[in-house]
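Reviewing the structure listed below.
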Ligand code: UDP
Ligand code: MG
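Residue numbers (full-length UniProt numbering): 1 to 327.
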C-alpha cells in the first residue's frame with residue numbers, strides 16, 4: 001500500500017477562521033515531510049455553513065493547489081452531516097478525519113498511516129488525558145460509556161472522537177449507511193473491520209470556541225444511546241412490568257387490610273408517592289418511545305442529509321460530484 005496510494009484528510013469546519021491558517025500550515029508541513037513521500041495527499045475541507053471568513057480562507061488555499069478540495073454546505077448541518085458529505089465524496093485509498101481546531105495534532109497522521117500499512121482498516125485515536133475538561137465532564141462521560149457498553153451489543157470505543165484513519169473498505173461501508181440521524185461513533189463501531197487504537201494527548205482548542213455546551217452534550221448522549229441500541233425500550237417495558245406487579249401486590253394487600261382492620265383515612269402520603277412514581281415512570285417510558293419514534297419519523301421523510309452550495313473536487317473524485325447527499 002504505497003507508491004500511488006492516495007490519502008484524503010477530511011476537515012469539517014464551522015466558523016474556524018481563527019485556526020484555519022495554523023492548521024493549514026501544519027498540514028502543509030506534513031505534506032512536505034519525508035515520511036509522507038510515496039503517498040498522494042489531499043485535503044478536503046467541508047464548510048458547514050460558516051458565517052465568518054472560513055470559506056474565503058479555504059478558497060484561498062485551494063486557489064493555487066489542486067490537492068485542496070472543498071465542499072460548502074448550504075447551511076449549518078452539524079459535524080455529523082459535514083463528515084458524511086466528505087465521506088460521500090472521497091474516493092481515496094484512505095481518509096483521515098481531523099478537527100479544524102488543532103485538538104487532534106496532524107503530526108500524528110504518519111503514525112496512523114504506519115498502522116494502516118500494517119493492515120488495519122480503522123486506526124482510531126484514543127485520548128490519554130482529557131486536558132482542559134472539568135471533573136464533572138470527565139466523570140459523567142465515563143459513567144455514560146460504561147452504561148452504553150453494558151446495554152449495547154457492539155463494542156464501544158472509549159475516549160475516542162472522530163480523529164481516525166479509515167481504509168477505503170470503511171469509507172465505502174459508511175457511505176452505504178444512509179440513516180438520516182447519524183451518530184458517527186455508533187456507525188464507526190457498527191461497521192467493524194480491523195480496528196486498532198493508539199493513545200494520544202488531545203490538545204486544547206488553539207483558538208475560537210467549542211460549539212458544545214452541556215445541554216448539547218446531553219442531547220448527544222441521548223443520540224448515542226438511541227443509535228447504538230434499543231435497550232432503553234426494553235428497560236421501559238421492564239420498569240412498567242415491575243411497577244404493575246408491585247401495584248397489583250399492593251392493591252391486594254390494601255384490600256385485605258381494609259377487610260381485616262377496616263377503613264383507614266391516613267395513607268395520603270403513600271398514595272401521593274405512588275402516584276408520582278408511576279406518573280414519572282409513565283412519562284419516562286413515553287419519552288423513550290418518543291425518542292425512537294422521532295427517529296423513525298425523521299428517517300421516513302427521506303430528506304437529504306445535507307445540501308451542497310458549492311464544491312470543488314480533484315480529478316479522481318469528480319465522478320461523485322453530482323451527488324447531493326441522500327437521494
Ligand atoms: N463542526 C462542524 N459543524 C458544527 C460544529 C462543529 O463542522 O456544527 C466542526 C468544527 O469546526 C471542528 C469540529 O467539528 O472542526 C469539532 O468541533 P468543536 O471543536 O466545536 O467540538 P469539540 O472539540 O469541543 O468536541
Ligand atoms: Mg474542538
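Quick reminder that beta carbons are idealized off the backbone N, C-alpha and C, glycines included. Owing to the predicted nature of the structure, the values given are computational and were not obtained by experimental measurement.
Residue 243, enclosing alpha helix (DSSP H) - first and last residue: In the chain shown, the residue the question calls residue 243 occupies position 243. Bounds of the alpha helix (DSSP H) holding residue 243 are 231-261.
Continuous alpha helix (DSSP H) stretch holding residue 108: start and end: As a position in the chain shown, residue 108 is number 108, starting the count at 1. From DSSP, residue 108 is part of no alpha helix (DSSP H); its letter is neither H nor E.
If you pair each beta-carbon of the segment 115-131 with each one of the segment 71-88, do three or more pairs fall below 8 Å? no
Going by DSSP in three states, residue 194 sits in which element: helix, strand or coil? As a first step, residue 194 must be located in the chain shown, where it is residue number 194. DSSP places residue 194 in coil when its eight states are reduced to three.
In chain order, what residues of the same chain lie with their CB nearer than 8 Å to the CB of residue 53, ignoring the 5 residues before and after it? Here the question's residue 53 lines up with position 53 in the chain shown. Here the set comprises 17.
Count the other C-beta atoms from every protein chain shown that fall within 10 angstroms of the C-beta of residue 266, then say buried if there are 16 or more, exposed otherwise. Taking the chain shown and counting its residues from 1, one reaches residue 266 at position 266. Looking at its Cβ environment, which holds fewer than 16 other Cβ atoms inside 10 Å, residue 266 is exposed.
I'd like the list of long-range same chain contacts for residue 232, defined as Cβ closer than 6 Å, with 5 residues on each side in sequence excluded. Residue mapping note: residue 232 aligns to position 232 of the chain shown, counting from 1. Answer for residue 232: 288, listed in chain order.
Only counting the same chain, and skipping five residues up and downstream in sequence, which positions put a Cβ closer than 6 Å to that of residue 113? In the chain shown, residue 113 corresponds to position 113, counting from 1. Same-chain partners within the cutoff: there are none.
Could you tell me whether any non-hydrogen atom of the ligand MG is closer than 7 Å to the CB of residue 205? Residue mapping note: residue 205 aligns to position 205 of the chain shown, counting from 1. Under cutoff, so the answer is yes.
For the beta strand (DSSP E) that residue 11 lies in, which residues bound it at each end? If you number the chain shown from 1, residue 11 lands on position 11. Residues 6-13.
What do you reckon, are the CB atoms on residue 292 and residue 221 nearer than 8 Å? Position 292 of the chain shown, counted from the first residue, corresponds to residue 292. Position 221 of the chain shown, counted from the first residue, corresponds to residue 221. Not a contact, by the Cβ cut-off of 8 Å.
Does residue 157 come out as helix, strand or coil in the three-state DSSP assignment? Translated into positions along the chain shown, residue 157 becomes position 157. Reduced to three states, the DSSP call for residue 157 is coil.
Span of the alpha helix (DSSP H) holding residue 80? As a first step, residue 80 is located in the chain shown; it is residue number 80 there, counting from the start. Looking at the DSSP string, the run of the alpha helix (DSSP H) that includes residue 80 is 79-89.
Nearest to residue 213 by alpha carbon, out of 237, 67, 134, 107? Taking the chain shown and counting its residues from 1, one reaches residue 213 at position 213. The shortest Cα separation from residue 213 among 237, 67, 134, 107 belongs to 134.
In this structure, how does DSSP classify residue 310 when only helix, strand and coil are distinguished? Within the chain shown, residue 310 is the residue found at index 310, counting from 1. Residue 310 falls in the strand class under three-state DSSP.
Would you say residue 100 touches the ligand UDP, meaning its beta carbon is less than 7 Å from a heavy atom? Start at 1 with the first residue of the chain shown, and residue 100 comes out as number 100. The answer is yes for residue 100.
How many Å lie between residue 239 and residue 218 at the Cα? As a working mapping, residue 239 is identified with position 239 in the chain shown. As a working mapping, residue 218 is identified with position 218 in the chain shown. Whole-angstrom Cα-Cα distance: 22 Å.
Does any heavy atom of the ligand UDP sit closer than 7 Å to the C-beta of residue 82? Residue numbering aside, residue 82 sits at position 82 when the chain shown is read from its first letter. Yes, Cβ of residue 82 sits closer than 7 Å to a heavy atom of the ligand UDP.
Simplified DSSP state of residue 124, which is helix, strand or coil: Sequence index remark: in the chain shown, residue 124 carries index 124 (1-based). Residue 124 falls in the strand class under three-state DSSP.
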